Amino acid sequence: MDYITEFIAMMVSASTPILLAALGEIYAERSGILNLGVEGMMAAGAAIAFYTTLFTRNIVIGLLSACIAGMLLSLIHGFISITIKSNQIVSGLALSMIGLGISSLIGRNLVGTPLRNSLGIVEIAILSDIPILGAFFRQNTLTYLSYILTAILWYILFKTKIGIAIRMVGDNPKSADSIGINVYAVRYGCTLIGGVLAGLAGAYLSVAYTPTWIEGMTAGQGWIALALTVFSAWNPFYALIGSYLFGGIRILQFRLQPLKLSPPLLSTLPYLFTIVALALLNIERIRRRIGAPQYLGKPYHREEAWM
């Protein structure tokens, strides 16, 4: 029983950054914007949050700085993809490299530096004492925030007029434009949400999950979040469940180390999942079946609405 509870607690903790990043990417993709820069935004967020928290000794400032960094990077992607209408895949990949470069630049002299005032575990009274399920209530505040965000973002997306507008922009921006929905504003807003949550996901890694700076801290988790976005059918609730699967796989990687499995082989898994997800998106029949936004990855030219 203790082993199961411990595994669940570790799984939930490991899944949090993947879930946060996936929630943001779900909103971006629901509006039609494909952002392959999630890994870079997470890396930049992790480095900036760690550096800011280390020198200000204020975790809140560190978290906010990571969110701002993610938002600014996503704004660049939004400008290139929405305003200039350039290739979203190329823009996202470039953004990923920029974010990883920022992370490397900031963290090169911080490797091995511990963070004294990191986010600790907060046990919720009574709930944390429930056998097995209590593991979900022995987490840090960002993990609890991910629970709340999942519920809120699901409700907004599927139960409100804002959600209808977002989904309509991703599926048929021409129709959305014709009834007065500002397609560009919706896409920018959702892209910024994706950036903020990706930055927060990176911050989680450096100030909560592993409060010691490690080079390559994100370790492909941004790519896993991209794959999870597709496998969850762009549904925040399914993303929550799927994140536990990926989180469990990450924990098993460490547990399977005594079996001497090839580390390079295990490290390729995030990229393999992403390749499979992108391949599925390129098959029209599968795109429809899994409910992919019909205008995902496609620029919108407003004059089309009046042709």
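Following the numbering used here, the numbering of the sequence shown begins with 26 at its first residue and continues without gaps.
Virtual Cβ for every residue (Gly too), placed ideally from N, Cα, C.
Here the structure is a predicted model, which is why all the values come from computation and not from measurement.
**OP:** Using the Cα positions of residue 41 and residue 223, report the straight-line distance between them to the nearest angstrom.
**Re:** Taking the first residue of the sequence shown as 1, we reach residue 41 at position 16. Taking the first residue of the sequence shown as 1, we reach residue 223 at position 198. In a straight line, the C-alpha of residue 41 is about 11 Å away from that of residue 223.
Subject >> Classification of residue 185 by the beta-carbon crowding that lies within 10 angstroms, buried from 16 upward >> reply: In the sequence shown, the residue the question calls residue 185 occupies position 160. When all chains shown are included, residue 185 counts as exposed.
Subject >> DSSP three-state assignment for residue 163, whether helix, strand or coil >> reply: Mapped onto the sequence shown, residue 163 falls at position 138. Of the three classes helix, strand and coil, the one that applies to residue 163 here is strand, per DSSP.
Subject >> Beta-carbon contacts of residue 330 that lie in its chain and below 7 Å, excluding the five residues immediately before and after >> reply: Taking the sequence shown and counting its residues from 1, the one referred to as residue 330 is at position 305. The predicted model places residue 330 with a pLDDT of 46, which falls under 50 and marks its position as unreliable; any figure quoted below should be read in that light. Closer than 7 Å at the Cβ level, and outside the excluded window around residue 330, lie 199, 202, 203.
**OP:** Could you tell me how far apart the beta carbons of residue 253 and residue 271 are, in whole angstroms, since I believe they sit closer than 8 Å?
**Re:** Counting from one through the sequence shown, the residue named residue 253 turns up at place 228. Counting from one through the sequence shown, the residue named residue 271 turns up at place 246. At roughly 6 Å, the Cβ-Cβ gap stays under 8 Å, so residue 253 and residue 271 are in contact.
Original post:
Using DSSP with H/G/I as helix, E/B as strand and the rest coil, what is residue 64?
Top reply: Within the sequence shown, residue 64 is the residue found at index 39, counting from 1. Helix.
Original post:
When the Cβ atoms of the region 208-216 are set against those of the region 90-109, are three or more pairs found closer than 8 Å?
Top reply: yes
Original post:
Since residue 237 sits in a beta bridge, which residues does DSSP pair it with?
Top reply: For this step, residue 237 is matched to residue 212 along the sequence shown. Bridge partners of residue 237: 139.
Original post:
By the 10 Å Cβ neighbour count, where 16 or more other Cβ atoms means buried, how is residue 151 classified, buried or exposed?
Top reply: The residue you call residue 151 lines up with position 126 of the sequence shown. Exposed: under 16 other Cβ atoms inside 10 Å.
Original post:
Cβ of residue 163 within 8 Å of Cβ of residue 153?
Top reply: As a first step, residue 163 is located in the sequence shown; it is residue number 138 there, counting from the start. As a first step, residue 153 is located in the sequence shown; it is residue number 128 there, counting from the start. In this structure, residue 153 lies closer than 8 Å to residue 163 by Cβ.
Subject >> Test item: CB-CB of residue 53 and residue 70 under 8 Å >> reply: Position 28 of the sequence shown, counting from 1, holds the residue named residue 53. Position 45 of the sequence shown, counting from 1, holds the residue named residue 70. Not a contact, by the Cβ cut-off of 8 Å.
Original post:
Just how far apart, CA to CA, sit residue 113 and residue 323?
Top reply: For the purposes of this step, residue 113 is taken as the residue at position 88 of the sequence shown. For the purposes of this step, residue 323 is taken as the residue at position 298 of the sequence shown. Spanning the two alpha carbons is a distance of roughly 8 Å.
**OP:** Output the distance between the C-alpha atoms of residue 4 and residue 118, rounded to the nearest integer angstrom.
**Re:** Because the chain in this structure spans residues 26 to 332, residue 4 falls outside the shown range and cannot be described.
Original post:
By the 10 Å Cβ neighbour count, where 16 or more other Cβ atoms means buried, how is residue 28 classified, buried or exposed?
Top reply: Residue numbering aside, residue 28 sits at position 3 when the sequence shown is read from its first letter. Label assigned to residue 28: exposed.
Original post:
Should residue 193 go down as buried or exposed, given a rule of 16 or more other Cβ atoms within 10 Å for buried?
Top reply: The residue given as residue 193 occupies position 168 in the sequence shown. Classification for residue 193: buried.
Original post:
Counting along the chain, where does the alpha helix (DSSP H) carrying residue 189 start and finish?
Top reply: As a position in the sequence shown, residue 189 is number 164, starting the count at 1. Residues 186-196.
Original post:
What does DSSP give as the partner residues of residue 50 in its beta bridges?
Top reply: On the sequence shown, position 25 is the one that residue 50 refers to. Answer is none; residue 50 lacks a bridge partner.
Original post:
Between residue 137 and residue 240, what straight-line distance do the alpha-carbon atoms span, to the nearest angstrom?
Top reply: On the sequence shown, position 112 is the one that residue 137 refers to. On the sequence shown, position 215 is the one that residue 240 refers to. Residue 137 and residue 240: Cα-Cα distance of roughly 9 Å.
Original post:
Are the beta-carbon atoms belonging to residue 25 and residue 265 less than 8 Å from one another?
Top reply: What is shown of the chain runs 26 to 332, which leaves residue 25 out entirely.
Original post:
Taking buried to mean at least 16 other C-beta atoms within 10 Å of its own C-beta, is residue 134 buried or exposed?
Top reply: Translated into the one-based positions of the sequence shown, residue 134 becomes position 109. Per the 10 Å Cβ criterion, exposed.
**OP:** With a 10 Å radius around its C-beta and 16 neighbouring C-beta atoms as the bar for buried, classify residue 220 as buried or exposed.
**Re:** On the sequence shown, residue 220 is found 195 positions in, with the first residue counted as 1. Its Cβ being crowded by 16 or more others within 10 Å, residue 220 is buried.
Subject >> residue 208 classed as buried or exposed, judged by whether at least 16 other C-beta atoms fall within 10 angstroms >> reply: Within the sequence shown, numbered from 1, the residue matching residue 208 stands at position 183. The residue is buried, with at least 16 neighbouring Cβ atoms inside 10 Å.
Subject >> Residue from 258, 217, 255 whose Cα sits closest to the Cα of residue 92 >> reply: For this step, residue 92 is matched to residue 67 along the sequence shown. Nearest of 258, 217, 255 to residue 92, Cα basis: 217.
Original post:
Which stretch, first to last residue, makes up the alpha helix (DSSP H) that contains residue 93?
Top reply: Looking up residue 93 in the sequence shown gives position 68. Unbroken alpha helix (DSSP H) run through residue 93: 84-103.
Original post:
Taking just the CA atoms, how far does residue 187 sit from residue 50?
Top reply: Residue 50 sits at position 25 when you count from the first residue of the sequence shown. Residue 187 sits at position 162 when you count from the first residue of the sequence shown. Cα to Cα, the separation comes out at about 17 Å.
Subject >> Assumed close pair residue 336, residue 195 - CB separation to whole angstroms, cut-off 8 Å >> reply: In this structure the chain extends from 26 to 332, so residue 336 is not present and cannot be described.
Subject >> Cα-Cα separation between residue 127 and residue 65, rounded to whole angstroms >> reply: Position 102 of the sequence shown, counted from the start, is the residue given in the question as residue 127. Position 40 of the sequence shown, counted from the start, is the residue given in the question as residue 65. Going from the Cα of residue 127 to the Cα of residue 65 covers about 9 Å.
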